[in-house]
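Beneath this line is the structure, given in structure tokens, with notes to follow.
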Amino acid sequence: MRPSPHPKRILDLVLGSALLALAAPLLLAATVTTALRRPPGGVFVTETRTGLDGRPFTLRHLPVRRFRLDALSRLPHVVRGEMSLVGPAPLPPGAPAADAPWRRSVKPGLTGLAQIRRSSTLPWDEPLLLDQHYVEHHWIGLDLALLLRTLRRVAGQARLSDADHRLRGYSAAD
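In my numbering, the protein residues as written are 176 to 349.
So, in structure tokens, the structure goes:
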């Protein structure tokens, strides 16, 4: 008998597929525009990243940061199960934290605590600590809250603050 899928995987598959379908026309236009502006040799950036259990995978994405199109172009990796919508940022093999046991226990994500809190005023080790905090405290409610915050941030609203701790696992104080 096959085990039932984890709720996080169901969220990734359903929401990731829906977002990919909605973003497809925009991604197609961005791909064509990028192809017309770039020299021959490829439209997508290809990088090796470390995934679940430390397994490497090939990450392909558009090099267009405007409107977070680079993140949207990573949605096929979510649908395929190589990444999650929410999790630590994917790191290249050999990066200082890539082999940390806590990082290897989850799939890398498109967004997460560290990505939402990222600013030039954070100490250099803060994103790593936020990623570790997420891994140790993640649950479906936190994922939904972080997805909502990501949507707000993309729309230009405020970043996650230390005062936002209404949900368990949302604050480093938990």
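Don't be surprised by glycine CBs; every beta carbon is placed ideally from N, CA and C.
Keep in mind that this is a model prediction, so the values were computed, not measured.
| Check | Outcome |
| --- | --- |
| Find out if the Cβ-Cβ distance for the pair Pro215, Leu234 is shorter than 8 angstroms. | no |
| So, is Leu335 buried or exposed, given that buried needs 16 or more other C-beta atoms within 10 angstroms? | Confidence in Leu335 is poor, its pLDDT being 49 and thus under 50, which makes the residue's placement unreliable; the coordinate value appears in the next sentence. Leu335 comes out buried. |
| Between Trp277 and the rest of its own chain, which residues show a CB-CB distance below 6 angstroms, the 5 nearest in sequence each way excluded? | Gln307, Val310 |
| Should Thr221 be labelled buried (16 or more other beta-carbon atoms within 10 Å of its own) or exposed? | exposed |
| Specify the secondary structure class of Leu285 as computed by DSSP and reduced to three states. | strand |
| Output the boundary residues of the alpha helix (DSSP H) element that contains Glu301. | 301-312 |
| Grab me the residues of Asp318's own chain with a C-beta within less than 6 angstroms of its C-beta, minus the 5 sequence neighbours each way, in chain order. | Val261 |
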